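With the working numbering, letter number 189 in the sequence shown gets 359, and the count goes up by one each step, no holes.
Quick reminder that beta carbons are idealized off the backbone N, C-alpha and C, glycines included.
Just so it is clear, the structure is predicted and the values come from calculations on it, not from any experiment.
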Amino acid sequence: TRTSGTAMAADLQRVEVQANSTGESVKALGNTIKAAAAAYVTGTLIQQADGYTQMAARVRNATSSLSEYQTVQEHLYQTAQGTFRNLAEAQEVFLASFGGLKEAGYNTQQVLAITDSLSYSYVHNAASAERASSATAAYGTVLDKNRVEADAWYSLIAAAPNLLNDIASATGKSTKEIRALGAEGKLAASDLHAGLLKSSDANKALADSMENSLADGVTKATNAIQRFTGELNMQYGVTAKAADAFGYMAD
């Protein structure tokens, strides 16, 4: 009986040691997960800040003054937040269009109205990021060549089919005629610009009527965080410190 009691005590001791070991392992795993989460948050914040800073530099180089740069940046941010699209997408649309539209005689506010119209069109047509990117590049090609080639037309229509009616309405031509001109690569660039400019308010109304999803909310929050960390980085050079602070919050 003493032997059995001793054996039982030894078994209980082994169980206790194993439990303590398991507890330490769980604690170590928890610390590892927290460290990984902090590293992920830090890396993401730095990446977002760098992306914002680089894009801001491109917008600054495209604009002619600090005042114009600030106006454009604020406008594009508000457009992105209002459409629940990525801020970089709105900035890319602007950058692809600004120089060419300025050369065509449009002022800054008209350029913003045209680029907004295209952004709003992406929204109410639920265009994927890939289609929007392709259409934006196509519009840049239109401005470079001052004509709407067939390939560019198809890319634009795939992302924003409303352009057919918008251009027809702005020019007084039939949709059949616009479709034929686009397919043949004979549509005037000025007609495309006019269609976008005159339909800007209508496209905004259609975009505003779209229902928002959880993903839209995440995009809006991401834009805000990216702007915050990017502005800190540009003004004070404290992106690393801000990232460290957010990482500390994960501890």
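Alpha carbon to alpha carbon, how far is residue i from residue j?
i	j	result
Ala299	Ala260	11 angstroms
Ala206	Ala375	Unreliable positioning characterises Ala206 in this predicted model, as indicated by a pLDDT of 41, which lies under 50. The coordinate reading is nonetheless provided below. Approximately 43 angstroms, taken between the alpha carbons.
Thr249	Gly355	31 angstroms
Gln396	Tyr239	18 angstroms
Gln217	Leu402	13 angstroms
Ala394	Tyr247	9 angstroms
Leu366	Ser267	12 angstroms
Tyr292	Leu384	18 angstroms
Val388	Leu333	29 angstroms
Ala227	Glu262	12 angstroms
Asn231	Asn277	17 angstroms
Ala364	Thr341	8 angstroms
Phe398	Met225	14 angstroms
Ala372	Pro331	14 angstroms
Quick one: measure Cβ to Cβ for residue i and residue j, integer angstroms, because I've assumed they're closer than 8 angstroms.
i	j	result
Thr285	Phe264	5 angstroms
Ser370	Ala283	4 angstroms
Thr422	Gly400	What the structure shows of the chain is the stretch from 171 to 421, and residue 422 is not part of that stretch, so it cannot be assessed.
Trp323	Leu357	6 angstroms
Quick check on residue i: does DSSP put it in helix, strand or coil?
i	result
Arg228	helix
Arg349	helix
Arg317	strand
Ala358	strand
Asn373	helix
Tyr276	coil
Lys343	coil
Phe268	helix
Ala297	coil
Glu262	helix
Arg255	coil
Met404	helix
Ser235	coil
Measuring alpha carbon to alpha carbon, tell me which of the options ends up nearest residue i.
i	options	result
Gln279	Gln243, Asn403, Leu257 and Tyr292	Gln243
Glu273	Lys368, Asn332 and Lys315	Lys315
Val318	Ala350, Ser287, Val388 and Gly400	Ala350
Thr233	Phe254, Asp220 and Leu271	Leu271
Ser423	Val281, Lys390 and Ala394	This structure cannot settle anything about residue 423, because the visible part of the chain is limited to 171 through 421.
Leu313	Leu362, Gly352, Ser383 and Ala372	Leu362
Tyr130	Ala385, Ala329 and Asp220	With the chain covering 171 to 421 only, the question about residue 130 has no answer from this structure.
So with Cβ pairs under 8 angstroms, would you call residue i a contact of chain B?
i	result
Gly310	The structure shown contains no chain B, having only a single protein chain.
Any 3 or more C-beta pairs closer than 8 angstroms across the region 302-313 and the region 334-348 = no
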